[in-house]
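Chains as they are written, first to last, in the working numbering: chain A, 24 to 341; chain B, 24 to 341.
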């Protein structure tokens with residue numbers, strides 16, 4: 024059954040238990056060179072190595088495993104062209120049902136191919152929010168598929184919370200956790216896990232300055248939507264949701280923004296020194312760790328590398 | 024003391040024991056997607072995650088730890104602009120001595136920077152083999168530094184052999200091991216380890232068709248030098264040595280060549296699907312695994328990913 028309330032610790036533990044057979048326990052890596060540059064002890068939770076290349080597989084898998092047999096048979100639907108779409112298509116393939124993905128007809132072919140690779144059923148629409156929503160509604164009416172929202176859903180939030188739950192098994196009591204924020208699914212899950220299990224740990228939301236709606240929301244105390252985001256971190260363009268916003272405002276310690284140049288530099292540095300591929304959204308908390316914040320000096324920080332899906336024909340520094 | 028004879032199993036085990044505090048035990052990774060493409064069970068020994076970004080740290084560390092205190096004080100020297108130079112500079116830094124590296128004045132700045140980062144003392148020379156050798160001789164005469172050859176040295180070979188020794192601890196009795204070959208240090212070490220510990224395993228040397236001197240040597244039964252190599256796999260340009268050649272000819276099962284397009288495709292595929300950075304030389308055995316060889320179908324193969332050092336401003340498929 025889908026969760027109707029803010030996930031409890033038991034909900035998050037249960038989420039990890041049920042999704043475990045279908046996801047990777049991702050490694051926690053360190054880099055001497057990055058530690059030196061940041062003057063901190065950094066621990067990277069590598070969700071770029073997660074199934075379908077991002078933490079989104081956790082939430083999507085949890086959402087599908089929470090449906091009853093009838094709901095599952097009718098399939099699931101979302102509008103997205105990013106990592107959630109791939110994760111949902113993969114989860115549906117594993118559970119032998121359909122994932123209906125509404126994508127703008129302008130979506131890059133590499134993203135279309137990624138969804139198709141997992142058997143996702145794509146419906147194209149005009150590249151406007153109105154077209155996406157009305158097309159999604161039509162698809163759901165026709166198929167009876169269940170909407171799986173990418174973040175504004177407690178079942179999804181509990182799924183994303185398992186990344187931090189695993190990280191705490193790998194590194195108990197960090198001083199800080201740095202987490203990227205877009206719609207806030209990963210961040211609100213992380214905040215709940217930390218609140219339940221390591222309340223002394225401070226959580227810093229890391230956001231591109233070109234999509235700083237969470238920073239604005241934090242400063243003004245109200246949900247500021249992401250109206251004209253412009254950043255290389257293409258996974259962090261969306262606004263907070265009605266469910267993620269209150270969890271974030273209640274629990275967050277700070278929001279720090281970084282510009283696109285710092286994000287690109289951090290991304291290149293991770294590729295070069297750690298020999299792992301991360302996408303721009305993952306580089307946002309790395310850029311924050313390298314930005315010279317005095318409170319991080321000498322501290323132990325967990326950094327969630329959210330994903331590794333990037334078009335290798337478009338390298339941002341070239 | 025430096026090894027004077029073909030390394031025994033005891034030599035290789037001892038090498039691993041002495042270098043262990045200074046190197047990474049690198050992970051052995053798998054990829055469902057690459058298994059499907061190759062129709063084999065592939066296990067990737069990730070020396071791209073090794074210290075200084077390549078397996079060369081094993082041999083260099085072993086060579087320096089084999090010197091006596093007097094020799095060590097006088098420092099070490101080599102001519103190389105590649106991974107051996109970085110590995111030697113790093114080993115010298117750890118053991119608080121000097122690494123004198125002779126490099127052609129045309130060496131890419133990224134390689135110069137990499138050696139300097141580990142405190143290597145660089146002497147530039149004209150970009151000819153004669154200039155490199157005479158400059159190296161002059162440096163050695165002046166400093167009393169000990170030559171550490173990148174591969175034609177039993178102490179180095181025993182060091183490189185530890186990559187396969189570790190791999191066998193992580194995956195006992197593979198059907199095949201696929202190993203890149205340039206000068207043959209890694210390959211001859213791998214062959215010795217396999218001969219001693221898993222003699223039923225077949226070892227396939229993997230070579231770029233544009234630098235196919237090992238293939239030619241294997242076919243003709245004599246040491247054919249690498250005269251005008253032309254390949255993207257810049258770590259595999261050199262000829263076999265007088266010490267590596269006989270070990271290879273006595274123990275190798277086959278040599279398979281792949282062209283540069285296959286190497287680049289394999290490299291991109293590993294970046295894209297496994298989210299790890301490998302250099303072109305590492306992609307050579309991957310390209311072999313993906314080339315549809317019938318004898319690999321359904322078999323378990325260990326693949327040594329030799330390194331991950333690449334200029335990220337020059338991506339070969341762009």
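The C-beta atom is built at its ideal place from N, Cα and C for all residues, glycine as well. Quantities reported herein were computed from a predicted structural model and do not represent experimental measurements.
Between the CA atoms of residue j and residue i - distance to the nearest angstrom
| i | j | result |
| --- | --- | --- |
| residue 127 of chain B | residue 157 of chain B | 12 Å |
| residue 31 of chain B | residue 182 of chain B | 12 Å |
| residue 301 of chain B | residue 294 of chain B | 7 Å |
| residue 68 of chain B | residue 47 of chain A | 19 Å |
| residue 123 of chain A | residue 100 of chain A | 4 Å |
| residue 106 of chain A | residue 297 of chain A | 23 Å |
| residue 271 of chain A | residue 49 of chain B | 38 Å |
| residue 262 of chain A | residue 174 of chain A | 10 Å |
| residue 292 of chain B | residue 162 of chain B | 43 Å |
| residue 234 of chain B | residue 332 of chain B | 20 Å |
| residue 253 of chain A | residue 311 of chain B | 42 Å |
| residue 299 of chain B | residue 26 of chain B | 35 Å |
| residue 114 of chain A | residue 282 of chain B | 37 Å |
| residue 280 of chain B | residue 200 of chain B | 15 Å |
| residue 74 of chain B | residue 110 of chain B | 8 Å |
| residue 313 of chain A | residue 317 of chain B | 49 Å |
| residue 150 of chain B | residue 192 of chain A | 53 Å |
| residue 94 of chain B | residue 178 of chain B | 15 Å |
| residue 363 of chain A | residue 278 of chain A | Because residue 363 of chain A is not part of the residues shown, which for chain A are 24 to 341, the question remains open. |
| residue 144 of chain B | residue 121 of chain B | 7 Å |
| residue 44 of chain B | residue 240 of chain A | 49 Å |
| residue 138 of chain B | residue 103 of chain B | 10 Å |
| residue 217 of chain B | residue 195 of chain B | 11 Å |
| residue 38 of chain B | residue 87 of chain B | 11 Å |
| residue 197 of chain B | residue 323 of chain B | 5 Å |
| residue 231 of chain B | residue 275 of chain B | 17 Å |
| residue 108 of chain B | residue 236 of chain A | 48 Å |
| residue 15 of chain B | residue 176 of chain B | The requested residue 15 of chain B does not occur in the structure, where chain B is confined to residues 24 to 341. |
| residue 57 of chain B | residue 141 of chain A | 15 Å |
| residue 54 of chain A | residue 71 of chain A | 16 Å |
Chain A residues whose Cβ lies nearer than 9 Å to that of residue i
| i | result |
| --- | --- |
| residue 67 of chain B | Per Cβ cutoff of 9 Å: no residues; residue 67 of chain B is ~12 Å from chain A at best. |
Proximal chain B residues relative to residue i, where beta-carbon distance stays under 7 Å
| i | result |
| --- | --- |
| residue 295 of chain A | 335 |
| residue 291 of chain A | 335 |
Beta-carbon neighbours of residue i, restricted to chain B and to distances below 9 Å
| i | result |
| --- | --- |
| residue 71 of chain A | 298 |
Per DSSP, cross-strand counterpart(s) of residue i
| i | result |
| --- | --- |
| residue 277 of chain B | B/227 |
| residue 127 of chain B | B/148 |
| residue 99 of chain A | A/122, A/169 |
| residue 323 of chain A | A/64 |
| residue 328 of chain B | B/69 |
| residue 52 of chain B | B/67 |
| residue 77 of chain A | A/330 |
| residue 35 of chain B | Its beta-bridge partners do not exist; DSSP assigns none. |
| residue 299 of chain B | A/299 |
Listed by chain order, chain B residues near residue i by CB distance under 8 Å
| i | result |
| --- | --- |
| residue 338 of chain A | 335, 338, 341 |
Partners in chain A for residue i, counting only beta-carbon separations shorter than 8 Å
| i | result |
| --- | --- |
| residue 331 of chain B | 298 |
Listed by chain order, chain A residues near residue i by CB distance under 7 Å
| i | result |
| --- | --- |
| residue 76 of chain B | 298 |
Any non-hydrogen atom of the ligand NAP closer than 7 Å to residue i Cβ
| i | result |
| --- | --- |
| residue 98 of chain B | As presented, the structure is devoid of all ligands, the ligand NAP included, so that no description of it is given. |
Taking 8 Å as the cut-off, does the region 244 to 263 of chain B touch the region 188 to 195 of chain B (at least 3 CB pairs, one atom from each stretch)?
no
Identify every run of the alpha helix (DSSP H) within the region 188 to 241 of chain A, keeping only runs that are complete inside it and at least 4 residues long; order them along the chain.
208 to 220
Are the region 73 to 88 of chain A and the region 318 to 331 of chain A touching by the rule of at least three beta carbon pairs closer than 8 Å?
yes
Would you check if the region 44 to 63 of chain A and the region 202 to 222 of chain A touch, i.e. whether three or more CB-CB distances between them fall below 8 Å?
no
Could you tell me whether the region 213 to 227 of chain A touches the region 24 to 42 of chain B, using the rule of 3 or more Cβ pairs below 8 Å?
no
Sufficient close CB pairs (3 or more, under 8 Å) joining the region 161 to 168 of chain B to the region 86 to 104 of chain B:
yes
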